[in-house]
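>
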Amino acid sequence: MSERMLFKPIRIGSLDVPGRVWKTATSETRATADGFVGDEFIRFYEPIAWAGTPLIITGNLYVGFSGKPTYRNAGIDADDKIPGLTRLVDTVHRHGSLIVAQINHCGRQMNPEAIGVEHALSASDVRDKAMFTKPRAMTITEIQRTIEEFASAAWRAKQAGFDGVQVHFAHGYLLSEFLTPHTNRRKDAYGGSFENRLRFPLEVMRAVRARVGADYPVLAKINGADLLMVGNGLTTGELVRVAKVLEAEGLDALEISCGHYESGFPMIRGRFDTFFEDQMAEGAGQFMSSGMKFAARLANKPLTAVANRLWPTKEGFNLEFARQFKSALQIPVITVGGFYSESAMENAIRTGDTDVISIARAMIADPFMVKHLREGTRGPQCDFCNGCIARAGGKPVDCYNEALRPEREAMLAAAGFSAS
């Protein structure tokens, strides 16, 4: 029998990782209201670490309060957050897993009223058609302050004991907004040409690297394509060009995803039968205005039909992008996107399409997924109902599929973990 690629070690900068199926970032909605990590947050990750998952990437940790995306999102914006983050790291390390902190600023993809800020910030004042948010263009002073916030956040991650840091350049968040022509219509040194649109993200990368040192692993998450439904988004070729610049600046590994919020749902795919209802009732949508909620209820059926048709379940749906990054880069490439079967994961690595597989929903449904893969046994099987994603920003990340929950809870209880 040939070597199993999923359990072949890989080196990420100075870090030796004992396997190639990782937990990717998931918005937890498990921090305190002011962004501190505590027991509820740690309970989500401990079973995943116990199961032997080689590396875990946290959900996005906001680098400054203006970049907090949702209710109960965890932060890394101040030194008093370090003790809670250290508890998380120590718990994961105790079970033999590695953990990387994803740091982010959400930009315009937020509800300012729900967070408690006057304006969302972005490259330009282009309204977000998914969140209905009208941002304010950042001043040069705010850009410089945010660069410092990213660098300080990376330093805090290192102080807390994280094994590396992942900078979020994807999904239409702030750094992605500066890269993308649709959202960046500035006329100064931070807008216009490719080089100008890259300036702010590149300055963030340089500041992070300078603050944590040459030997500390720095990863990034980037779109394989923006896939905007309307507007001038970035193509794979343009994003590969961005990646090559980041690699030259000392990036250690790159994770490939896709899409902005305005792109619809190509970044998750799956089933959307109750997605919009759940989002408005129990997810981030519950914090929207009454008028927006009314409009969403009216649009529920057509939105559901369109989403089910355009973005059905598909395993490995970002591999088409990952191949192009793999052929252009020397650093390891990580790919997220609907993976659940060992055969698809093994094949993606063996054929050279990617170096690492990262997983969110299938590992929410089965926190012991890596253990089951290693042993050749079967755990709870995610059917990509998207109930976990629909409730993000409102209820704690969890599997909300009633057909799977009893099996999942029994599995956790048998191993000594309480249902989360």
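First residue of the sequence shown: 44, per our numbering; consecutive thereafter.
We put the CB at the ideal spot given by N, CA and C, even for glycine.
Remember, it's a predicted structure, so these values are computed and weren't measured experimentally.
Look at the alpha carbon of A460 and the alpha carbon of K414, and state the distance between them as a whole number of angstroms.
First, the residue type needs correcting, since residue 460 is Phe and not Ala in the sequence shown. Straight-line Cα distance between these residues: approximately 15 Å.
> Go ahead and label G395 buried or exposed: buried means 16 or more other beta carbons lie within 10 angstroms of its beta carbon, across all protein chains shown.
Exposed: under 16 other Cβ atoms inside 10 Å.
> Within 10 angstroms of its Cβ, does K486 collect 16 or more other Cβ (buried), or is it exposed?
Within the shown structure, residues of the chain are numbered from 44 to 463, placing residue 486 beyond reach of any answer.
> CA-CA distance, S57 and P345?
Approximately 49 Å between the Cα atoms of the pair.
> Compute the beta-carbon to beta-carbon distance between E192 and V273, rounded to the nearest angstrom, for a pair I have assumed lies under 8 Å.
With 8 Å as the limit, E192 and V273 do not qualify as a contact, their Cβ atoms being about 31 Å apart.
> Helix, strand or coil for D122, going by three-state DSSP, please let me know.
In the structure shown, D122 sits in a helix (DSSP, three-state: H, G or I).
> Measuring straight from C-alpha to C-alpha, what distance separates D321 and T226?
Distance between the alpha carbons of D321 and T226: 29 Å.
> Kindly provide the ranges of any alpha helix (DSSP H) runs that are 4 or more residues long and lie completely inside the stretch 82-128, ordered along the chain.
List check, alpha helix (DSSP H) in window: 82-93.
> Is the beta carbon of M323 closer than 9 Å to that of I91?
No. Outside cutoff.
> Would you mind giving the Cβ-Cβ distance between E298 and V379, rounded to the nearest angstrom? I have them listed as a contact below 8 Å.
6 Å between Cβ atoms; contact.
> Under the three-state reduction of DSSP, which class applies to I53: helix, strand or coil?
Looking at I53 - three-state DSSP - the assignment turns out to be strand.
> Exposed or buried, K124, counting other C-beta atoms within 10 Å across all chains shown (16 or more means buried)?
Buried.
> Considering only their Cβ atoms, is the gap separating D120 from A196 smaller than 9 Å?
For A196 and D120, yes; Cβs fall inside 9 Å.
> Taking 9 Å as the threshold (C-beta atoms), are I400 and L49 in contact?
It is a contact, given that the beta carbons lie within the stated cut-off.
> Where does the unbroken alpha helix (DSSP H) through D321 begin, and where does it stop?
Its alpha helix (DSSP H) spans residues F318 to E325.
> Looking at the structure shown, is I265 part of a helix, part of a strand, or coil, going by DSSP?
DSSP places I265 in strand when its eight states are reduced to three.
> What residues are listed by DSSP as bridge partners for T378?
According to DSSP, T378 bridges with I299 and I400.
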